[in-house]
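Input: a single structure, listed below in structure tokens.
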Amino acid sequence: MILIPPQAAEHLYWMGRYIQRAESMTRLVIALFDKILDEDFEDAKAFYAKLGIELAYDSAQMFLRESVFNLEDASLYNTINMARENAILTRSHLSNRMFSRINALYLAYQTAKEERTVSLYWLEGTLKELDAIWGNFELSLVEAKESPLIQLGKVVERMDLNIRLYDSIEAALMDVEKLNSIAEKVRPNHKRVTLSSSNKFKTLQTINSVFEALTTTHES
Amino acid sequence: MIESNSPFYDAFKGILNTIDKNRVQELLTYMNTEAINFNLFKNNAFIERKFPFDIIPRIVSPSEFAYLEKGIQQRIYALNLFLEDVYGAQKILKDGIIPSEFVFSSKAYLPSFANTSVAKNIRVHISGIDLVKNSVGDGWVVLEDNIRVPSGVSYPLSLRMLTRKVFPEFFEKLPIQGVSDYPKKLEAAMDYVNTGGINVILTPGRYNSAFYEHSYLAKESGAILANGEDLVVEKDKVYLKTYNGKKARVGAIYRRLDDDALDPVEFHPDSLIGVPNITQAYRAGNVALMNSIGNGIADDKGIYYFVPAMIKYYMNEEPILQNAPTFLAFFEKDRNHILQNMRTLVIKDVAEAGGYGVVFGSQLTKSEREKLKDAIIAEPRRFIAQEVIEFYDIECLDEAGTFSPRKADLRMFSIYGEDIFVWPGGLTRFAMDPTSYIVNSSQGGGFKDTWVLKEQR
Numbered sequence: 015m016i017l018i019p020p021q022a023a024e025h026l027y028w029m030g031r032y033i034q035r036a037e038s039m040t041r042l043v044i045a046l047f048d049k050i051l052d053e054d055f056e057d058a059k060a061f062y063a064k065l066g067i068e069l070a071y072d073s074a075q076m077f078l079r080e081s082v083f084n085l086e087d088a089s090l091y092n093t094i095n096m097a098r099e100n101a102i103l104t105r106s107h108l109s110n111r112m113f114s115r116i117n118a119l120y121l122a123y124q125t126a127k128e129e130r131t132v133s134l135y136w137l138e139g140t141l142k143e144l145d146a147i148w149g150n151f152e153l154s155l156v157e158a159k160e161s162p163l164i165q166l167g168k169v170v171e172r173m174d175l176n177i178r179l180y181d182s183i184e185a186a187l188m189d190v191e192k193l194n195s196i197a198e199k200v201r202p203n204h205k206r207v208t209l210s211s212s213n214k215f216k217t218l219q220t221i222n223s224v225f226e227a228l229t230t231t232h233e234s
Numbered sequence: 003m004i005e006s007n008s009p010f011y012d013a014f015k016g017i018l019n020t021i022d023k024n025r026v027q028e029l030l031t032y033m034n035t036e037a038i039n040f041n042l043f044k045n046n047a048f049i050e051r052k053f054p055f056d057i058i059p060r061i062v063s064p065s066e067f068a069y070l071e072k073g074i075q076q077r078i079y080a081l082n083l084f085l086e087d088v089y090g091a092q093k094i095l096k097d098g099i100i101p102s103e104f105v106f107s108s109k110a111y112l113p114s115f116a117n118t119s120v121a122k123n124i125r126v127h128i129s130g131i132d133l134v135k136n137s138v139g140d141g142w143v144v145l146e147d148n149i150r151v152p153s154g155v156s157y158p159l160s161l162r163m164l165t166r167k168v169f170p171e172f173f174e175k176l177p178i179q180g181v182s183d184y185p186k187k188l189e190a191a192m193d194y195v196n197t198g199g200i201n202v203i204l205t206p207g208r209y210n211s212a213f214y215e216h217s218y219l220a221k222e223s224g225a226i227l228a229n230g231e232d233l234v235v236e237k238d239k240v241y242l243k244t245y246n247g248k249k250a251r252v253g254a255i256y257r258r259l260d261d262d263a264l265d266p267v268e269f270h271p272d273s274l275i276g277v278p279n280i281t282q283a284y285r286a287g288n289v290a291l292m293n294s295i296g297n298g299i300a301d302d303k304g305i306y307y308f309v310p311a312m313i314k315y316y317m318n319e320e321p322i323l324q325n326a327p328t329f330l331a332f333f334e335k336d337r338n339h340i341l342q343n344m345r346t347l348v349i350k351d352v353a354e355a356g357g358y359g360v361v362f363g364s365q366l367t368k369s370e371r372e373k374l375k376d377a378i379i380a381e382p383r384r385f386i387a388q389e390v391i392e393f394y395d396i397e398c399l400d401e402a403g404t405f406s407p408r409k410a411d412l413r414m415f416s417i418y419g420e421d422i423f424v425w426p427g428g429l430t431r432f433a434m435d436p437t438s439y440i441v442n443s444s445q446g447g448g449f450k451d452t453w454v455l456k457e458q459r
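Protein sequence lines, in the order shown, are assigned to chains A and B.
For any residue, its number in this note's numbering is found by taking its place in the first sequence, counting from 1, and adding 14.
For any residue, its number in this note's numbering is found by taking its place in the second sequence, counting from 1, and adding 2.
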């Protein structure tokens, strides 16, 4: 029997989601920074508007500061903070290395925020740290029983962002098999998910309800 | 006053002088990266707080530890017998060693748990005894017996693991006893009283000051860390709910929440962190709770006064460790002494903990003193008074690299399983303010590791 309580399972799942969100959004911010410099100064505003976020900046550097620190719930800082909160809540399930890598990244963000310093070079460095967190996690045997829950969060977040940010249901569909395979590890009697490319909102709803469906009922 | 020079501190300083002090910063970075926090809840706000630490340890000689070990084992054994008695035949009350009304008037005494038997007759599974070393007479004095939910063991344990990595020189050159087996001893003690099922550490949650410790001990002892919501009681048995719909029987719970929060059906109905009906499972003998319910009567600050008498009564032995000279306002003679000598005494409210409710009479204004006198006369059971103990300072290394003295106590942990294991380490807490005697972590105090040295052959 896998002895992970429901709350811990939820935090592991959300830790996976927030780490993936941090990675995807960091890559996006780096790409938008280049676009502001090289192509269309307004491009980042339009992109964030798609997420319902009003972003104001008068320079590429200001865009960087805003997206990294100042967008409250949507900032990269907050995303890392949430990943770390979930890691704190589940640290008895994590390897020390996994936990301390996540916490170290949070501390790096906190220091940068306090010192009001951020550069693209620094942000690229944080991406390397995120890669290392995933790499560390893939190699670790400590989180073996927790692994499917974290992986589930990772794949759900990636599918979700592909649809929300890039309107790419096709990209999300490519992950369906992986989603089902992980979900079966989370719960062997899992009912397989099928997605159609026709309805964006229904697809989002289906993807985001997978975890809940896997963890609701309780048998004696 | 700093404890007189010992060859051990000289040896420590000799090594310290040869190493790069900047490595202290490295240690601090590791502590931050590992988030070894002792959080505070102040003015309704949660403050995630790094637990300030100092690298200079308290050093305890082999003979001193042997003495403390025997004294603590004796004390815990007597306290356990007292709890068995007071929730059973109550012989110590009937024989007039402790006044019955003194016990029955304590909020910590839970009559509804009278005649509830516990696995292996052990009630004091985990304890943290607070001691200071008196500069007058050079002897150790017990200040408090913490046998409800004592916290702190994970901090010196974590610091030790990191110090070994950053400053291996000390561990190469000094015969320091290892401490890493604490979680395994905890696991063994849980297994010893387990009634059939898994081991669980029950935490109040993320916003508890010692949540780090709960996570740490769960991970290292192999127990499952659970919140109240993760546990359910069915037919007087406790189960851990798992995310995939299964339930696992729980046989032992190291609970890190107080009695009144433990079961909303039995105690505080508003408790959101407890487990409904867990006390029924406990009464039925279907789960072991560590520590047992109702232990508060034995570490009540007033009952502390009677611990030497308990040792004589139950064990027919002289107490090895001494109490601080204590006066009970409950007794008329003592009360008069307290009222006449308030300026020279420390007055403690028995209902408070964590350094709260401790008042130095010398620091009170006249009107504050009068107000406290009125409170003592109105509710004598609530107060004890102790003579101020001039306990030793221990040196701390400040940021400028200079040594400065601070008042420091020692919390020694023990685990009662097949036998009573006294951990050869401890949490040395020090006052951040050089003029203060209050060392409690919840009042902003810092901590040090405690190095118990091995006998050298």
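Glycine included, C-beta positions come from ideal geometry on N, C-alpha and C.
Nonlocal neighbours in the same chain, by C-beta distance under 8 Å from residue i, ignoring five residues either side
i: lysine 64 of chain A; result: Arg178, Leu179
i: isoleucine 275 of chain B; result: Pro206, Gly207, Asn229, Gly230, Leu259, Ala263
i: lysine 350 of chain B; result: Lys303, Gly359, Val360, Val361, Phe385, Ile386, Ala387, Gln388
Closer than 8 Å to chain A by CB, residue i
i: threonine 165 of chain B; result: no
i: tyrosine 69 of chain B; result: no
i: lysine 186 of chain B; result: no
i: tyrosine 256 of chain B; result: no
i: threonine 437 of chain B; result: no
i: serine 153 of chain B; result: no
i: lysine 52 of chain B; result: no
i: tyrosine 89 of chain B; result: no
i: glutamate 28 of chain B; result: no
i: tyrosine 245 of chain B; result: yes
Test: residue i CB closer than 8 Å to a CB of chain B
i: histidine 232 of chain A; result: Only weak support is given to the placement of histidine 232 of chain A: the predicted model assigns it a pLDDT of 49, under 50, and the value that follows is read from those uncertain coordinates. Cβ-Cβ to chain B under 8 Å: yes for histidine 232 of chain A.
i: methionine 76 of chain A; result: no
i: glutamine 21 of chain A; result: yes
i: alanine 197 of chain A; result: no
i: threonine 229 of chain A; result: yes
i: serine 161 of chain A; result: no
Range of the contiguous beta strand (DSSP E) that encloses residue i
i: tryptophan 453 of chain B; result: 448-454
i: valine 190 of chain A; result: Per DSSP, valine 190 of chain A belongs to no beta strand (DSSP E); it is in the alpha helix (DSSP H), 190-200.
i: leucine 366 of chain B; result: Taken as a continuous stretch (DSSP letters only), leucine 366 of chain B belongs to no beta strand (DSSP E), as it is neither H nor E.
i: arginine 60 of chain B; result: 55-62
i: proline 162 of chain A; result: First-last for proline 162 of chain A: 161-180, but that is the alpha helix (DSSP H), not the beta strand (DSSP E).
i: arginine 413 of chain B; result: 405-418
Interface partners of residue i on chain A, CB under 9 Å
i: tyrosine 209 of chain B; result: Correct list: empty, because the minimum Cβ distance to chain A is about 11 Å.
i: threonine 328 of chain B; result: Neighbours of threonine 328 of chain B on chain A: none; closest Cβ ~40 Å, over 9 Å.
i: lysine 221 of chain B; result: Arg105, Ser106, His107, Leu108, Asn110
Neighbouring residues, chain B, relative to residue i (Cβ below 7 Å)
i: leucine 46 of chain A; result: Near leucine 46 of chain A there are no residues of chain B at all, since even the closest Cβ is about 31 Å away, more than 7 Å.
i: isoleucine 102 of chain A; result: Ala37, Arg208
i: serine 114 of chain A; result: Thr35, Glu36
Start-to-end residues for the alpha helix (DSSP H) that takes in residue i
i: alanine 254 of chain B; result: Unbroken run through alanine 254 of chain B is the beta strand (DSSP E), 249-257; no alpha helix (DSSP H).
i: glutamate 389 of chain B; result: It is not in any alpha helix (DSSP H) - glutamate 389 of chain B instead sits in the beta strand (DSSP E) that spans 385-389.
i: asparagine 338 of chain B; result: 334-342
i: aspartate 12 of chain B; result: 9-18
Cβ shell of residue i (< 6 Å), same chain only, five flanking positions each side left out
i: valine 168 of chain B; result: Arg25, Glu28, Leu29
i: serine 234 of chain A; result: Confidence is the limiting factor: at serine 234 of chain A the pLDDT is only 41, short of 50, which leaves the residue's position unreliable, though a coordinate-based value still follows. So no residue of the chain qualifies.
Contact set between residue i and chain A, taken where Cβ atoms lie within less than 7 Å
i: alanine 250 of chain B; result: Met15, Leu17
i: serine 217 of chain B; result: Arg105, Ser106
i: leucine 242 of chain B; result: Leu17, Pro19
The ligand PLP heavy atom lying under 7 Å from the CB of residue i
i: glutamate 28 of chain B; result: In the structure shown, the ligand PLP is absent, as is every other ligand, since no ligand is present at all.
Own chain residues within Cβ distance below 7 Å of residue i, not counting five before or after
i: asparagine 39 of chain B; result: Glu50, Arg51, Lys52, Phe53, Tyr214
i: alanine 227 of chain A; result: none
i: methionine 29 of chain A; result: Ala97, Asn100, Ala101, Thr104, Ile164, Gly167
i: glycine 180 of chain B; result: none
i: aspartate 174 of chain A; result: Leu218, Ile221, Asn222
i: isoleucine 391 of chain B; result: Val134, Asn136, Val143, Ala326
Contacts of residue i in chain B (Cβ-Cβ under 9 Å)
i: asparagine 117 of chain A; result: Asn34, Thr35, Glu36, Ala37
i: leucine 134 of chain A; result: None at all; the shortest Cβ gap to chain B is about 25 Å.
Neighbouring residues, chain B, relative to residue i (Cβ below 8 Å)
i: arginine 201 of chain A; result: Asn246, Gly247
i: leucine 121 of chain A; result: Asn34, Thr35
Whole beta strand (DSSP E) runs in the region 121-178 of chain B with 3 or more residues, listed along the chain? 128-135, 142-148
Threshold first: 4 residues or longer. Then list the alpha helix (DSSP H) segments lying entirely within the region 66-128 of chain B, N to C. 93-96, 102-106
What are the uninterrupted segments assigned as alpha helix (DSSP H) that are 4 or more residues long and contained completely in the region 52-82 of chain A, given in chain order? Runs of the alpha helix (DSSP H) inside the region 52-82 of chain A: 57-64, 74-79.
Runs of beta strand (DSSP E) wholly within the region 213-299 of chain B (minimum 3 residues, chain order): 226-228, 233-236, 239-243, 249-257, 290-292
Identify every run of the alpha helix (DSSP H) within the region 76-142 of chain A, keeping only runs that are complete inside it and at least 4 residues long; order them along the chain. 90-103, 110-129
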